[in-house]
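Working notes, structure below.
Protein chains: 2
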Amino acid sequence: MINIKDIAKLAGVSYSTVSKALNGSSLVKPATKSKILEIAEKYGYQKNLLATQLVSGRSRLVGFVVDNVRNPIFAHMANDLHLELQNHDYHMLLAISPDGVELLNQLRVEGIIIWGDLIHSDPDFLKRFHDLNVPGFILGTDEVLRIPHILIDRKACIHEAVRYLIAHGHRKIGFVGGSQEIKVNAFREAISEMGLETSEDWLIPADSTWEGGYRVIRDYAFHKESPTAFIGLNNLITKGVLRALLERGFSVPADISLVGYDNLPELKNAEVPLTTVGPSLEEMVSKSVSLLQTLIERPGNALPVVLKPALVERASVGPRR
Amino acid sequence: MINIKDIAKLAGVSYSTVSKALNGSSLVKPATKSKILEIAEKYGYQKNLLATQLVSGRSRLVGFVVDNVRNPIFAHMANDLHLELQNHDYHMLLAISPDGVELLNQLRVEGIIIWGDLIHSDPDFLKRFHDLNVPGFILGTDEVLRIPHILIDRKACIHEAVRYLIAHGHRKIGFVGGSQEIKVNAFREAISEMGLETSEDWLIPADSTWEGGYRVIRDYAFHKESPTAFIGLNNLITKGVLRALLERGFSVPADISLVGYDNLPELKNAEVPLTTVGPSLEEMVSKSVSLLQTLIERPGNALPVVLKPALVERASVGPRR
DNA sequence: CTGAAAGCGCTTACAG
DNA sequence: CTGAAAGCGCTTACAG
Numbered sequence: 257m258i259n260i261k262d263i264a265k266l267a268g269v270s271y272s273t274v275s276k277a278l279n280g281s282s283l284v285k286p287a288t289k290s291k292i293l294e295i296a297e298k299y300g301y302q303k304n305l306l307a308t309q310l311v312s313g314r315s316r317l318v319g320f321v322v323d324n325v326r327n328p329i330f331a332h333m334a335n336d337l338h339l340e341l342q343n344h345d346y347h348m349l350l351a352i353s354p355d356g357v358e359l360l361n362q363l364r365v366e367g368i369i370i371w372g373d374l375i376h377s378d379p380d381f382l383k384r385f386h387d388l389n390v391p392g393f394i395l396g397t398d399e400v401l402r403i404p405h406i407l408i409d410r411k412a413c414i415h416e417a418v419r420y421l422i423a424h425g426h427r428k429i430g431f432v433g434g435s436q437e438i439k440v441n442a443f444r445e446a447i448s449e450m451g452l453e454t455s456e457d458w459l460i461p462a463d464s465t466w467e468g469g470y471r472v473i474r475d476y477a478f479h480k481e482s483p484t485a486f487i488g489l490n491n492l493i494t495k496g497v498l499r500a501l502l503e504r505g506f507s508v509p510a511d512i513s514l515v516g517y518d519n520l521p522e523l524k525n526a527e528v529p530l531t532t533v534g535p536s537l538e539e540m541v542s543k544s545v546s547l548l549q550t551l552i553e554r555p556g557n558a559l560p561v562v563l564k565p566a567l568v569e570r571a572s573v574g575p576r577r
Numbered sequence: 257m258i259n260i261k262d263i264a265k266l267a268g269v270s271y272s273t274v275s276k277a278l279n280g281s282s283l284v285k286p287a288t289k290s291k292i293l294e295i296a297e298k299y300g301y302q303k304n305l306l307a308t309q310l311v312s313g314r315s316r317l318v319g320f321v322v323d324n325v326r327n328p329i330f331a332h333m334a335n336d337l338h339l340e341l342q343n344h345d346y347h348m349l350l351a352i353s354p355d356g357v358e359l360l361n362q363l364r365v366e367g368i369i370i371w372g373d374l375i376h377s378d379p380d381f382l383k384r385f386h387d388l389n390v391p392g393f394i395l396g397t398d399e400v401l402r403i404p405h406i407l408i409d410r411k412a413c414i415h416e417a418v419r420y421l422i423a424h425g426h427r428k429i430g431f432v433g434g435s436q437e438i439k440v441n442a443f444r445e446a447i448s449e450m451g452l453e454t455s456e457d458w459l460i461p462a463d464s465t466w467e468g469g470y471r472v473i474r475d476y477a478f479h480k481e482s483p484t485a486f487i488g489l490n491n492l493i494t495k496g497v498l499r500a501l502l503e504r505g506f507s508v509p510a511d512i513s514l515v516g517y518d519n520l521p522e523l524k525n526a527e528v529p530l531t532t533v534g535p536s537l538e539e540m541v542s543k544s545v546s547l548l549q550t551l552i553e554r555p556g557n558a559l560p561v562v563l564k565p566a567l568v569e570r571a572s573v574g575p576r577r
């Protein structure tokens, strides 16, 4: 692979001149510049970003670290984040697993976005990240952290879902899922605040997967005091719940209504188009990119961001039967 | 951020000794080594991978370049590839878009895996990749290429699907999708080879998305000469087709059978658990990792790999009605 | 066992 | 406009 010294030799100039020409400096005579560019092109010169970054500290590289690529919401975010970052002339590199933070840091990317789920899987993850001292933030946390972050007001999202169901006449509302305490607590709180009936049976723990949602509802002991509406903890659980409900012969929403968490567009293609609540994905992406930019360029000015709930009406909620 | 010179100063040794200690060289006195390690730990030393790679040419970094992260099969592959690569002590970096190849090359990763779809979106992609001269291969091509690759015998996969349907008594078989010529042609070929009836109406072009599959079947003019079984071009189309079929009142598989392409495990959770054909994902992953390893370590010995069809029986195919 | 020196491929003042 | 020099943070012979 050819480097700037080779090009310098070929062009009969010094390699510092080559560097300038390649970087579009105006201090190079046009004729010299075009000759250099031509040679570079001809030999397929590919800048060594490592060396550039090492000496200049700049790479226009940004990292996105995720824990679980299986959740479709991730694919959505990764795709849109990549596009938006590209608009801002950054390249996005994706790393899977908590160690991705260290890896990207060792590559000296200019900034790191961390998918919020990660902070749960490893108790001292936050400390590790903080000690790294690299520009970056946690995307999607429930609580105010000491490090930069985008807070999703999950509590408000759940309240919104409950309110929406109440507006449709529901008084007995169930919740499926247990992995995110904040959502479960928000649910309890909303129910009691709004003076609804309640029963421990209506709070149904489940793994945060399709199977998790499916199994608990498949095996649920329905009777006349059972909920007339459910809220699913995330998009996967909700789809599993929907399947189980239909399989058991309920009509959704005629018999039972369902609100899912996560505003994933593809949920419109669920067996019954799912009404969902959650932060707006567009907002998550655009706020992420501007926060990152601030963090990189004017670190002092980075303010935490809070994302409010958005409810997308589709077809899985109807009036209480 | 602390570097080896800082550590050297702190430890009162030369920085080359620090480098050796950090890399676990046995040529360092244990006492010296542990002192250095202690300091590194205390100050949160993070090796600059850029510098390491620049001087040693090694980074244990591998890139995976994809076009579209939205297809769930990608998430599956990315996840499993990451795990398997990790077992082999490589870190995987993911880049979205064709330009990812150049990006990763500029980062001088040791090898690059390219998701096969990419070669379709850009006609001179292959040439660009070839000129880069970096260890790597195309994962999932239809044809034998001049560069390293893993070929998926899609033709054989389609033949397998047709054979399977015939074995269940079907004689009128439709195909939904049009974006991959090889599959369409394989379908035509299989039909004629096996002496089945045929009609141009049974070859239904569709976008390679859920909506694509859904729309064409929602609007399809069914009559008594219509197919009794369909094959869907990929997992997304197939799910859309299934929905449309059910929506139109057909029972699957009692009225109409359906085979999907792509052996995606989650298709067992489709509205009707989908019988699918396609390469085994486990095999794709394991073969990918070993091919990459060969490419990096013994370039001369890298042989193209061919993946044969695997059919996963679930519940969407039944005897002809 | 330890250290001085060269060098990886670049960028960036600085001098001319 | 051009080039010589220093230096980014490391590894790796080589000498001791």
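These protein sequences, in sequence, are chains F and D.
Count the first sequence with the working numbering and you get residues 257 to 577, in order.
Count the second sequence with the working numbering and you get residues 257 to 577, in order.
Each residue gets a CB set at the ideal place from its N, CA and C atoms; glycine is no exception.
This one's a predicted model, so the numbers in the text were calculated from it and none came from an experiment.
With DSSP as the reference, label H332 of chain D as helix, strand or coil. DSSP, reduced to helix, strand and coil, places H332 of chain D within a helical segment of the structure shown.
Assigned secondary structure, M450 of chain F (DSSP; H/G/I helix, E/B strand, else coil): Correct three-state label for M450 of chain F: coil.
Quick check: is the beta carbon of K303 of chain F nearer than 8 angstroms to any beta carbon in chain D? Chain D contact via Cβ: present.
Between the alpha carbons of I295 of chain D and V284 of chain D, how many angstroms are there, rounded? Cα to Cα, I295 of chain D sits roughly 16 angstroms from V284 of chain D.
Short of 6 angstroms in beta carbon distance, which residues of its chain neighbour A558 of chain D, apart from the five on each side in sequence? Order them along the chain. Excluding residues within five positions, the ones whose Cβ falls inside 6 angstroms are P404, T550 and L551.
Can you pull the chain D residues whose beta carbon is under 8 angstroms from the beta carbon of V432 of chain F, in chain order? Residues of chain D passing the Cβ test: none, with the nearest at roughly 16 angstroms.
Please classify H344 of chain D as buried or exposed, where buried requires at least 16 other C-beta atoms within 10 Å of its C-beta. Exposed, because fewer than 16 other Cβ atoms sit within 10 Å of the Cβ of H344 of chain D.
Taking 7 angstroms as the limit between beta carbons, can you name the residues of its chain near K261 of chain D, skipping five residues before and five after? Y271, listed in sequence order.
Just to confirm my understanding: we take S448 of chain D, look at its own chain, exclude 5 residues before and 5 after, and list those with CB closer than 8 angstroms. What are they? So the list reads T454, once near-sequence residues are dropped.
R314 of chain D: buried (16+ other C-beta within 10 angstroms of its C-beta) or exposed? By the neighbour-count rule (16 or more Cβ atoms within 10 Å), R314 of chain D is not buried but exposed.
Tell me which residue opens and which closes the beta strand (DSSP E) that V322 of chain D is part of. From DSSP, the beta strand (DSSP E) with V322 of chain D extends over L317 to V322.
Between the CA atoms of V440 of chain D and L489 of chain D - distance to the nearest angstrom: Rounded to the nearest angstrom, the two C-alpha atoms are 8 angstroms apart.
I need the DSSP call for A485 of chain D, collapsed to helix, strand or coil. For A485 of chain D, the three-state secondary structure derived from DSSP is strand.
Can you tell me the Cβ-Cβ gap for L349 of chain F and L317 of chain F, rounded? I've got them flagged as a contact below 8 angstroms. With 8 angstroms as the limit, L349 of chain F and L317 of chain F qualify as a contact, their Cβ atoms being about 6 angstroms apart.
Please report how far the alpha carbon of A571 of chain D lies from the alpha carbon of L359 of chain F, in whole angstroms. Near 43 angstroms, if we compare the C-alpha coordinates of L359 of chain F and A571 of chain D.
Does the separation of the CB atoms of L514 of chain F and T494 of chain F fall below 8 angstroms? It is a contact, given that the beta carbons lie within the stated cut-off.
DSSP beta-bridge partners for Y517 of chain D? Answer is D:V533, bridged to Y517 of chain D.
Given a threshold of 16 other Cβ atoms within 10 Å of its Cβ, counted over all protein chains shown, does M257 of chain D qualify as buried or as exposed? With a threshold of 16 other beta carbon atoms within 10 Å, M257 of chain D falls short and is exposed.
Any beta carbon from chain F within less than 8 angstroms of W466 of chain D's own beta carbon? When Cβ-Cβ separations below 8 angstroms define contact, W466 of chain D makes contact with chain F.
Between V533 of chain F and E467 of chain F, what straight-line distance do the alpha-carbon atoms span, to the nearest angstrom? Looking at the two C-alpha atoms, the distance is approximately 21 angstroms.
Name the chain D residues whose beta carbon is nearer than 8 angstroms to that of M257 of chain F? Neighbours of M257 of chain F on chain D, chain order: N389.
Rounded C-beta distance between L401 of chain F and L382 of chain F? I'm assuming under 8 angstroms. The pair is a contact, with the Cβ atoms about 7 angstroms apart (cut-off 8 angstroms).
With DSSP run on the structure shown, which of helix, strand or coil describes F431 of chain F? In this structure, F431 of chain F counts as strand in the three-state DSSP scheme.
Whose CA, out of D:M450, D:L388, D:D387 and D:I394, lies closest to the CA of A585 of chain D? There is simply no residue 585 of chain D to check, as chain D begins at 257 and stops at 577 in what is shown.
Looking at the unbroken beta strand (DSSP E) that takes in H405 of chain D, where does it start and where does it end? From DSSP, the beta strand (DSSP E) with H405 of chain D extends over H405 to I408.
Count the other CB atoms within 10 Å of the CB of F478 of chain F; is the residue buried (16 or more) or exposed (fewer)? By the 10 Å Cβ count, F478 of chain F comes out exposed.
So is D323 of chain F buried or exposed if we call it buried at 16+ other beta carbons inside 10 Å? By the neighbour-count criterion, in which 16 or more other beta carbons inside 10 Å mark a residue as buried, D323 of chain F falls on the buried side.
DSSP three-state assignment for F506 of chain F, whether helix, strand or coil: Note: F506 of chain F maps to coil in three-state DSSP.
Could you please tell me which residues of the segment 299-325 of chain D, in chain order, have their CB closer than 7 angstroms to any CB of chain F? The residues in question are G300, Q302, K303, N304, L305, L306, A307, Q309, L310 and V325.
For E358 of chain F, which residues in chain D fall below 9 angstroms Cβ to Cβ? Here the neighbours are Q302.
Verify the CB distance criterion: does H338 of chain D have a CB-CB separation below 8 angstroms to chain F? Against chain F, the CB of H338 of chain D has a partner CB under 8 angstroms away; the residue lies at that interface.
Is the distance from the Cβ of G319 of chain F to the Cβ of V365 of chain F below 8 angstroms? Result yes, Cβ atoms of G319 of chain F and V365 of chain F sit closer than 8 angstroms.
Check whether the Cβ atoms of N335 of chain D and R326 of chain F sit closer than 8 angstroms, and answer yes or no. Contact flag set, yes.
Residues in the segment 345-375 of chain D with C-beta within 9 angstroms of chain F's C-beta atoms, listed in sequence order? Residues H347, M348, L349, L350, A351, I352, S353, D355, G356, E358, L359, L360, N361, Q362, L363 and R364.
If you reduce the DSSP assignment to three classes, tell me which class M540 of chain D lands in. In the three-state scheme derived from DSSP, where H, G and I count as helix and E and B as strand, M540 of chain D is classed as helix.
Go ahead and label D380 of chain D buried or exposed: buried means 16 or more other beta carbons lie within 10 angstroms of its beta carbon, across all protein chains shown. Classification for D380 of chain D: exposed.
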